[in-house]
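These notes concern the structure reproduced below.
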Amino acid sequence: MKMKFFRSALQTNQTSVSEFVLQGFSDLSWQLQLFLFVFFLVIYIVALLGNSIIVFLATTSPSLHTPMYFFLGNFSFSEICYISTTVPKMLVNFLAKDRSMSFISCAGQLYFFSLLGVADCFLLAIMALDRYVAICYPLRYSIIMRWRLCIELAATSWIIGLMVAFGHTLFIFRLPFCDSNIINHFFCDLPAVIKLACGNTYGSEVSVFLAGVFAALIPCLLILFSYARILGTILRMHSVGGKQKTFSTCASHLISVSLFFGTAISIYVCPNSSHSAESGRILSLLYCVITPFLNPFIYTLKNKEVKGALKKLLGSK
Numbered sequence: 001m002k003m004k005f006f007r008s009a010l011q012t013n014q015t016s017v018s019e020f021v022l023q024g025f026s027d028l029s030w031q032l033q034l035f036l037f038v039f040f041l042v043i044y045i046v047a048l049l050g051n052s053i054i055v056f057l058a059t060t061s062p063s064l065h066t067p068m069y070f071f072l073g074n075f076s077f078s079e080i081c082y083i084s085t086t087v088p089k090m091l092v093n094f095l096a097k098d099r100s101m102s103f104i105s106c107a108g109q110l111y112f113f114s115l116l117g118v119a120d121c122f123l124l125a126i127m128a129l130d131r132y133v134a135i136c137y138p139l140r141y142s143i144i145m146r147w148r149l150c151i152e153l154a155a156t157s158w159i160i161g162l163m164v165a166f167g168h169t170l171f172i173f174r175l176p177f178c179d180s181n182i183i184n185h186f187f188c189d190l191p192a193v194i195k196l197a198c199g200n201t202y203g204s205e206v207s208v209f210l211a212g213v214f215a216a217l218i219p220c221l222l223i224l225f226s227y228a229r230i231l232g233t234i235l236r237m238h239s240v241g242g243k244q245k246t247f248s249t250c251a252s253h254l255i256s257v258s259l260f261f262g263t264a265i266s267i268y269v270c271p272n273s274s275h276s277a278e279s280g281r282i283l284s285l286l287y288c289v290i291t292p293f294l295n296p297f298i299y300t301l302k303n304k305e306v307k308g309a310l311k312k313l314l315g316s317k
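According to the numbering used here, the stretch in the sequence shown is residues 1 to 317, in order.
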């Protein structure tokens, strides 16, 4: 029912464009495109396997039934869906001559990409707040981070993603598209689609900026606040071992946050004139493909609990 309403709403924009063509990396040589196909296929498979393992361990391992790994499981599940919204179509376009995408399919891709991107932003902020409570208020941690609150926080991230993505996609795809239908990108991204719209797109560009501020800067400020308080607590610790253990626990999350927010803010919050189409595609690859690929390694290589649960799983098998 919702999809029918979504489709009918988009089809009232009197546009003459029925499909889009994703230019992607078509300007590269065939040999280089074939190499990139194999390269990104391997990255995609590893990202799916790595994040699936984290979701499985967070769900089945009793030692990981804590708020920290509950949020990490949600985040890894989101990353599986996130990378799957863009990479499969990109891989097909490396080999196919026809790089077209229907109007509704493009809108659907942008919708799910926005939904998962916004959810990721807020999940990362919640994970930072969880570490803040665990490190700064260890004796009250179980009281503050009760399971009902954890479920509500995770659900709120997904609900905000649904609302922002629906409103954003509906607003953009109700604009008329009259002339060119060639998207200079490897997926239907917000700035690339807006450039093809006819007439005055100022309102749409303001919408992208405001959504970027809401979905990126607000969670980023929450993360900065959390880690500023965490840093203050670490500096007051007398035990060197305690400092190292606490910093090691937070370092993986900081790496993931830096990769994700750094590239996302540069595209959706900074002006479009600040980077070319080519640099925009490279930045998009960082947060669409590379970040989901690296996250399983970031959260497991220095995480004794996850490595212990994985060893138990492999040992039992």
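Beta carbons are placed, not taken as given, at the ideal position from N, Cα and C, and that holds for glycine. From a predicted model like this one, the values you see are computed outputs, not experimental measurements.
Can you find the residues in the same chain that come closer than 8 Å, C-beta to C-beta, to residue 265, ignoring five residues on each side of it along the sequence?
Position 265 of the sequence shown, counted from the first residue, corresponds to residue 265. Hits under 8 Å: 212, 216, 217, 220.
Top-ranked residue by Cα proximity to residue 175, from 183, 161, 158, 195:
Here residue 175 corresponds to residue number 175 of the sequence shown, with the count starting at 1. Closest option to residue 175, Cα to Cα, is 195.
Compare the beta carbon distance of residue 188 and residue 107 with 9 Å and say whether it is the shorter of the two.
Translated into positions along the sequence shown, residue 188 becomes position 188. Translated into positions along the sequence shown, residue 107 becomes position 107. The answer is yes: Cβ separation under 9 Å.
Helix, strand or coil for residue 101, going by three-state DSSP, please let me know.
One-based indexing of the sequence shown puts residue 101 at position 101. DSSP places residue 101 in strand when its eight states are reduced to three.
DSSP bridge partner residues for residue 166 (one or two, in chain order):
Along the sequence shown, read from residue 1 onward, the residue named residue 166 stands at position 166. The partner list for residue 166 (beta bridge, DSSP) is empty, contrary to what the question assumes.
Distance between residue 204 and residue 21 (C-alpha atoms, nearest Å)
As a position in the sequence shown, residue 21 is number 21, starting the count at 1. As a position in the sequence shown, residue 204 is number 204, starting the count at 1. Roughly 21 Å separates the two Cα atoms.
Going by C-alpha to C-alpha distance, which of 147, 60, 70 sits closest to residue 309?
Here residue 309 is taken as the residue at index 309 of the sequence shown, counted from 1. With distances taken between Cα atoms, residue 309 lies closest to 60.
Please classify residue 32: is it buried, with 16 or more other beta-carbons within 10 angstroms of its beta-carbon, or exposed?
Working through the sequence shown from its first residue, we reach residue 32 at position 32. Exposed: under 16 other Cβ atoms inside 10 Å.
Assign residue 130 to buried or exposed, taking buried as 16 or more other Cβ atoms, counted over all protein chains shown, within 10 Å of its Cβ.
Sequence index remark: in the sequence shown, residue 130 carries index 130 (1-based). With 16 or more other Cβ atoms within 10 Å, it is buried.
Identify whether residue 172 lies in helix, strand or coil by the three-state DSSP scheme.
Working through the sequence shown from its first residue, we reach residue 172 at position 172. Three-state result, residue 172: helix.
Let me know if residue 118 comes out buried or exposed under the rule of 16 or more other beta-carbons within 10 Å of its beta-carbon.
Residue numbering aside, residue 118 sits at position 118 when the sequence shown is read from its first letter. Looking at its Cβ environment, which holds 16 or more other Cβ atoms inside 10 Å, residue 118 is buried.
Ignoring anything shorter than 4 residues or poking outside the stretch 84 to 167, list the alpha helix (DSSP H) runs there in chain order.
87 to 95, 103 to 136, 141 to 144
Taking contact to mean at least 3 C-beta pairs separated by less than 8 Å, is the stretch 39 to 47 in contact with the stretch 109 to 128?
no
May I ask you to report which of helix, strand or coil DSSP gives residue 305?
Taking the sequence shown and counting its residues from 1, one reaches residue 305 at position 305. Helix.
Once you ignore the five residues that flank residue 110 on each side, which residues in its own chain have a CB closer than 6 Å to its CB?
Against the sequence shown, residue 110 aligns to sequence position 110. The answer, listed in chain order, is 169, 188.
Grouping DSSP H, G and I as helix and E and B as strand, with all else coil, what is residue 17?
Along the sequence shown, one-based indexing puts residue 17 at 17. It is coil, neither helix nor strand.
Using the Cα positions of residue 81 and residue 284, report the straight-line distance between them to the nearest angstrom.
Counted from its first residue, the sequence shown places residue 81 at position 81. Counted from its first residue, the sequence shown places residue 284 at position 284. If you take the alpha carbons of residue 81 and residue 284, they lie about 16 Å apart.
What residue range is occupied by the uninterrupted alpha helix (DSSP H) comprising residue 228?
Within the sequence shown, numbered from 1, the residue matching residue 228 stands at position 228. Run containing residue 228: 218 to 235, per the alpha helix (DSSP H) assignment.
Pick out whichever of 306, 78, 201 has its Cα sitting closest to the Cα of residue 158.
Position 158 of the sequence shown holds residue 158. Among 306, 78, 201, the Cα nearest to that of residue 158 belongs to 78.
Mapping the DSSP letters down to three states, classify residue 28 as helix, strand or coil.
On the sequence shown, residue 28 is found 28 positions in, with the first residue counted as 1. It is coil, neither helix nor strand.
Using the C-alpha atoms, what's the distance from residue 75 back to residue 103?
Locating residue 103 in the sequence shown gives position 103, counting from the first residue. Locating residue 75 in the sequence shown gives position 75, counting from the first residue. Their backbone Cα atoms lie some 29 Å apart in a straight line.
Please classify residue 228 as buried or exposed, where buried requires at least 16 other C-beta atoms within 10 Å of its C-beta.
Here the question's residue 228 lines up with position 228 in the sequence shown. With fewer than 16 Cβ atoms within 10 Å of its Cβ, residue 228 is classed as exposed.
Check for me: the alpha helix (DSSP H) holding residue 203 runs from which residue to which?
If you number the sequence shown from 1, residue 203 lands on position 203. Per DSSP, residue 203 belongs to the alpha helix (DSSP H) from 202 to 212.
Could you tell me which of 252, 286, 282 sits nearest to residue 297, measuring between CA atoms?
Residue mapping note: residue 297 aligns to position 297 of the sequence shown, counting from 1. With distances taken between Cα atoms, residue 297 lies closest to 252.
CB contact flag (residue 292, residue 93, <9 Å)
Position 292 of the sequence shown holds residue 292. Position 93 of the sequence shown holds residue 93. It is not a contact, given that the beta carbons lie outside the stated cut-off.
Residues near residue 207 in its chain [Cβ-Cβ closer than 7 Å; skip 5 each side]:
Reading the sequence shown from its first residue, position 207 is the one you call residue 207. Closer than 7 Å at the Cβ level, and outside the excluded window around residue 207, lie 168, 171.
Thinking C-beta only, is residue 122 closer than 9 Å to residue 73?
As a working note, residue 73 is residue 73 in the sequence shown. As a working note, residue 122 is residue 122 in the sequence shown. Result no, Cβ atoms of residue 73 and residue 122 do not sit closer than 9 Å.
Please list the terminal residues of the continuous alpha helix (DSSP H) segment that includes residue 197.
Taking the sequence shown and counting its residues from 1, one reaches residue 197 at position 197. Careful: residue 197 lies outside any alpha helix (DSSP H) and carries neither H nor E.
For residue 273, which residues of its own chain have a beta-carbon under 6 Å away from its beta-carbon, when the five flanking residues on both sides are left out?
The sequence position of residue 273 within the sequence shown is 273, counting from 1. Interpretation of residue 273 is limited by its pLDDT of 49, a score under 50 that renders its predicted location unreliable; no figure is taken from the coordinates.
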